[in-house]
Amino acid sequence: MPDKESVFIAGGAGFIGSHFTSMLVENPSIERVTIYDNFSSGQRWHIEHLKPHLDSGKINVYEGKIENLDALAQQMKGHQTVIHLASNPDIARAVREPTIDFDQGTALTQYVVEAMRLSGANRILYASGSGVYGDIGMIEAAENYAPMIPISTYGASKLAGEGLIAAYSYMFNFSGIAFRFGNVVGPRQTHGIGYDFVRKLKENPKELDILGDGTQSKSYVYIDDIVKAVWTAHEKSQARFDTFNVATGDYITVSEIAAIAIEEVLGKDAKVKLNYAGGDRGWKGDVPIIRLNTDKIRSTGWQPKYLSADAIRHSIRAMVAQK
1278 MPDKESVFIA GGAGFIGSHF TSMLVENPSI ERVTIYDNFS SGQRWHIEHL KPHLDSGKIN
1338 VYEGKIENLD ALAQQMKGHQ TVIHLASNPD IARAVREPTI DFDQGTALTQ YVVEAMRLSG
1398 ANRILYASGS GVYGDIGMIE AAENYAPMIP ISTYGASKLA GEGLIAAYSY MFNFSGIAFR
1458 FGNVVGPRQT HGIGYDFVRK LKENPKELDI LGDGTQSKSY VYIDDIVKAV WTAHEKSQAR
1518 FDTFNVATGD YITVSEIAAI AIEEVLGKDA KVKLNYAGGD RGWKGDVPII RLNTDKIRST
1578 GWQPKYLSAD AIRHSIRAMV AQK
């Protein structure tokens, strides 16, 4: 890697992207950061805390669509590394809008890698997800698990994105890493189970509607741990194309998350009626049980600061404080 690195973040004003920017501006080896976002799911308040760096010129913000290839490639020029976070953030939305994960997932990844080819950027860090593995129950999936059969358009779009990045890396002489995240939580969330529970409890502190039967069990990773994992792998991996699972190694159920949310929003003594929708999953395409092997990312020296319950609790506290 060069002594000084410039980083381009596609979707940089989103929940995850804004935390990456916060980390990068404090890194002395980073020369500049460009946030490229259309502000559809990314929010301007996500990057308000970065104003001193905006004023200094270390951060540039460009409002535009990924689909505008000319603008995307032009803004990408002069950057070595691209962090690709642009996608539909609402996984369940595809039940109502079946093409959204192609339009805001696979297609956007094609634009990003083509802009890299045109601009000369040579490294991509891609936010994939655990949905690429499909519904495999209690099997702990390592990165080489096969066959990968996604059961949602979200998982399919992430897997297709990995394929595009791998192909472009080998055909056009750059390198890429795909990160298969567990459920990412933390301040500035705009979607997800913790966010939904906080919103519902504020609207009605007497009852809480819960999708599924409450036994769904997954790993929840705090955003700071995600950012550190990605950057550690970026610094360590020399592969043309690489993949890493990023998860805590432990798991928490939906019912346990509900209990934490009730305590943090209403207090320990709050009595709330829980209304379960029933069924083993929250929506069509939801994977109720996810187990990710994290040996590979841990081999880089990365360890999560928070396990799932603490990650959920800290993120909900931040949402409550955020109002």
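Here the sequence shown stands for residues 1278 to 1600, where the numbers follow the numbering used here. For glycine and all other residues, C-beta sits at the position ideal for the given N, C-alpha and C.
Proximity below 8 Å, CB of Ile1529 to CB of Tyr1553: No, Cβ-Cβ distance for Ile1529 and Tyr1553 is not below 8 Å.
Minimum length 3: unbroken beta strand (DSSP E) runs contained in the segment 1335 to 1422: Taken in chain order, the complete beta strand (DSSP E) segments of 3 or more residues contained in the segment 1335 to 1422 are 1336 to 1340, 1358 to 1361, 1400 to 1406.
Contact check, Ser1299 vs Leu1327, beta carbons under 8 Å: Yes, they are a contact pair.
Cα-Cα separation, Leu1543 to Pro1482: Looking at the two C-alpha atoms, the distance is approximately 7 Å.
Ser1429 beta carbon less than 8 Å from that of Ile1368: For the 8 Å CB-CB criterion, Ile1368 and Ser1429 form a contact.
Same chain, Cβ closer than 7 Å to Ser1318, five either side skipped, listed in chain order: Correct list, in chain order: Gly1291, Pro1366, Thr1467.
Three-state secondary structure assigned by DSSP to Arg1309: It is a strand residue.
4-residue-minimum alpha helix (DSSP H) runs that sit fully inside the segment 1280 to 1305, ordered along the chain: Correct list: 1292 to 1302.
Same chain, Cβ closer than 8 Å to Met1596, neighbours up to 5 away in sequence not counted: Same-chain partners within the cutoff: Pro1464, Gln1466, Gly1471, Tyr1472, Val1475.
Whole-angstrom distance between Gln1599 and Gly1469, CA atom to CA atom: Each residue's Cα considered, the two are about 16 Å apart.
Gly1559, DSSP secondary structure in three states: When DSSP states are grouped into helix, strand and coil, Gly1559 belongs to the coil group.
Cβ pair Ser1364, Ile1324 closer than 8 Å: No; because the gap between Cβ atoms is not below 8 Å, this pair is not in contact.
Identity of the residue in Lys1561, Val1531, Ser1576, Ala1536 nearest Pro1375 by Cα: Checked all of Lys1561, Val1531, Ser1576, Ala1536; the closest Cα to Pro1375 is Lys1561.
Per-residue burial, Gly1453 [other beta carbons within 10 Å of its own, 16 or more giving buried]: With 16 or more Cβ atoms within 10 Å of its Cβ, Gly1453 is classed as buried.
Met1353 and Ala1392 closer than 8 Å at C-beta: In this structure, Ala1392 lies closer than 8 Å to Met1353 by Cβ.
Alpha-carbon spacing of Phe1456 relative to Thr1577, whole angstroms: Approximately 14 Å, taken between the alpha carbons.
Reduced DSSP secondary structure (H/G/I, E/B, other) of Thr1530: Reduced to three states, the DSSP call for Thr1530 is strand.
Simplified DSSP state of Asp1502, which is helix, strand or coil: In the displayed model, Asp1502 falls within a helix according to three-state DSSP.
Separation of His1330 from Ile1537, as counted between CA atoms: Rounded to whole angstroms, Ile1537 to His1330 spans 36 Å at the Cα level.
Residue(s) in a DSSP beta bridge with Val1462: Partner(s): Tyr1499.
Where Arg1568 falls, given that 16 or more other Cβ within 10 Å makes a residue buried: Buried: at least 16 other Cβ atoms inside 10 Å.
Contact check, Ser1532 vs Gly1491, beta carbons under 8 Å: Going by C-beta atoms, Ser1532 is nearer than 8 Å to Gly1491.
Exposure of Lys1495, with buried meaning 16 or more beta-carbon neighbours within 10 Å: Per the 10 Å Cβ criterion, buried.
Enclosing alpha helix (DSSP H) for Leu1478 [first to last residue]: Segment 1470 to 1480, the alpha helix (DSSP H) holding Leu1478.
Among Ala1404, Gly1397, Leu1436, the one whose alpha carbon lies nearest that of Tyr1410: For the residues Ala1404, Gly1397, Leu1436, the minimum Cα distance to Tyr1410 belongs to Leu1436.
Extent of the continuous beta strand (DSSP E) run through Asp1486: 1484 to 1487 is the extent of the beta strand (DSSP E) around Asp1486.
Tyr1553, enclosing beta strand (DSSP E) - first and last residue: First-last of the beta strand (DSSP E) with Tyr1553: 1550 to 1553.
Cβ contact (3+ pairs, closer than 8 Å) linking the segment 1583 to 1594 and the segment 1391 to 1406: Taking 8 Å as the limit for Cβ pairs, the verdict is that the segment 1391 to 1406 does not touch the segment 1583 to 1594.
Contacting residues, own chain, Cβ-Cβ under 7 Å from Tyr1388 (five flanking each side not counted): These residues qualify, in order along the chain: Ile1343, Glu1344, Leu1346, Leu1349.
Which of helix, strand or coil DSSP assigns to Gly1440: In this structure, Gly1440 counts as helix in the three-state DSSP scheme.
Secondary structure of Ser1446, DSSP reduced to three states: Under the three-state reduction of DSSP output, Ser1446 falls in the helix class.
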